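Engineer:
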Amino acid sequence: MDFSKFSDRDLYQRCCQIGSVILKYRNQFLGMLPEVERRKLYRKYHFHSTVEFAARLAGISQEIVKKVLRIDEKLVDKPLLRQQLHDGHVGWSKLEVILPISTSENQQSCLEKLQNMPKTSLQTYVQELQKQDVNYKADFSAGGKNKAENDRETL
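Be aware that the sequence shown starts at 113, since it is given in this note's numbering, and climbs by one per residue.
1. Alpha carbon to alpha carbon, how far is ARG150 from ASP184?
2. Look at the alpha carbon of GLY203 and the alpha carbon of ASN139, and state the distance between them as a whole number of angstroms.
3. What is the residue span of the alpha helix (DSSP H) that ASN228 lies within?
4. So, GLN219 versus LEU193, is the Cβ gap smaller than 8 Å?
5. Hey, would you say LEU226 sits closer than 8 Å to VAL180, going by beta carbons?
6. Please report the residue range of the alpha helix (DSSP H) in which VAL177 lies.
7. Check whether the Cβ atoms of LYS186 and LEU153 lie closer than 8 Å to each other.
8. Going by DSSP, what residue range makes up the alpha helix (DSSP H) through LEU142?
9. In whole angstroms, what separates the C-alpha of LYS178 from that of VAL163?
10. In this structure, how does DSSP classify HIS198 when only helix, strand and coil are distinguished?
11. SER205 lies in the alpha helix (DSSP H); which residues open and close that run?
12. Note down the Cα distance separating GLY200 from THR236, rounded to an integer number of angstroms.
13. By the three-class DSSP mapping on this structure, what secondary structure does TYR156 have?
14. Considering only C-alpha positions, which residue in the set SER214, ASP189, VAL209, ALA170 is nearest to LEU135?
15. What does the alpha-carbon distance come out to for the pair LYS243 and PRO230?
16. Between which two residues does the alpha helix (DSSP H) containing PHE165 stretch?
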């Protein structure tokens, strides 16, 4: 295809189109890596590890492969979030952001945040929750009244 004959707008649209397809398939590929690791599928096709498998087949770095496998392990008790990783619906980096606050009880709420918030907003949201939690724990452990008691007194 001779891209020199494309207008700037057409070239840009083509780049956007291809870029979105690449991201979609990359997320799906990354989502399959935990199963590749579990089955040791890489051995059957003469790779030494899941890292080599991902690097040769999709150009994925060792660092990303290890992060994806680590995230998958931490999501064992959170099947809704884990399925998002496996299906490639949510990228590993957004899952990594929400991991510190996710529990098996709040995974539905976390899933909604993942689907509706950009990564930077998600980072801010998690940081604020963690600050509130640290302040709450610090107040309570220092012999102070807990938040519920303080709230009752202000009423």
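Every residue gets a Cβ at the ideal spot worked out from N, C-alpha and C, and that includes glycine. This structure is a prediction, so every number in the text was calculated from the model and none was measured.
Structural biologist: Well, looking at it:
1. Taking the sequence shown and counting its residues from 1, the one referred to as residue 150 is at position 38. Taking the sequence shown and counting its residues from 1, the one referred to as residue 184 is at position 72. Put simply, the backbone Cα of ARG150 is about 11 Å away from that of ASP184.
2. Here residue 203 refers to the residue found at position 91 when the sequence shown is read from its first residue. Here residue 139 refers to the residue found at position 27 when the sequence shown is read from its first residue. Rounded to the nearest angstrom, the gap between the Cα atoms of GLY203 and ASN139 is 6 Å.
3. Within the sequence shown, residue 228 is the residue found at index 116, counting from 1. Unbroken alpha helix (DSSP H) run through ASN228: 219–228.
4. Translated into positions along the sequence shown, residue 219 becomes position 107. Translated into positions along the sequence shown, residue 193 becomes position 81. The beta carbons of GLN219 and LEU193 sit closer together than 8 Å.
5. Sequence index remark: in the sequence shown, residue 226 carries index 114 (1-based). Sequence index remark: in the sequence shown, residue 180 carries index 68 (1-based). No; because the gap between Cβ atoms is not below 8 Å, this pair is not in contact.
6. Position 65 of the sequence shown holds residue 177. 174–186 is the span of the alpha helix (DSSP H), which, as asked, contains VAL177.
7. For the purposes of this step, residue 186 is taken as the residue at position 74 of the sequence shown. For the purposes of this step, residue 153 is taken as the residue at position 41 of the sequence shown. Their beta carbons are not under 8 Å apart, which means LYS186 does not touch LEU153 by this criterion.
8. Here residue 142 refers to the residue found at position 30 of the sequence shown. Membership of LEU142 in the alpha helix (DSSP H) is indicated by the continuous run 120–151.
9. By one-based count along the sequence shown, residue 178 stands at place 66. By one-based count along the sequence shown, residue 163 stands at place 51. C-alpha of LYS178 to C-alpha of VAL163: approximately 8 Å in a straight line.
10. Taking the sequence shown and counting its residues from 1, one reaches residue 198 at position 86. Three-state DSSP puts HIS198 in a helix.
11. For the purposes of this step, residue 205 is taken as residue 93 along the sequence shown, with counting starting at 1. 204–210 is the span of the alpha helix (DSSP H), which, as asked, contains SER205.
12. If you number the sequence shown from 1, residue 200 lands on position 88. If you number the sequence shown from 1, residue 236 lands on position 124. Each residue's alpha carbon lies about 23 Å from the other.
13. Working through the sequence shown from its first residue, we reach residue 156 at position 44. Note that residue 156 is Lys in the sequence shown, not Tyr. Collapsing the DSSP output to three states places LYS156 in a helix.
14. Looking up residue 135 in the sequence shown gives position 23. For LEU135, the closest C-alpha among the options SER214, ASP189, VAL209, ALA170 is that of ALA170.
15. Along the sequence shown, read from residue 1 onward, the residue named residue 243 stands at position 131. Along the sequence shown, read from residue 1 onward, the residue named residue 230 stands at position 118. Counting only the Cα atoms, PRO230 lies some 20 Å from LYS243.
16. Taking the first residue of the sequence shown as position 1, residue 165 is located at position 53. Its alpha helix (DSSP H) spans residues 162–170.
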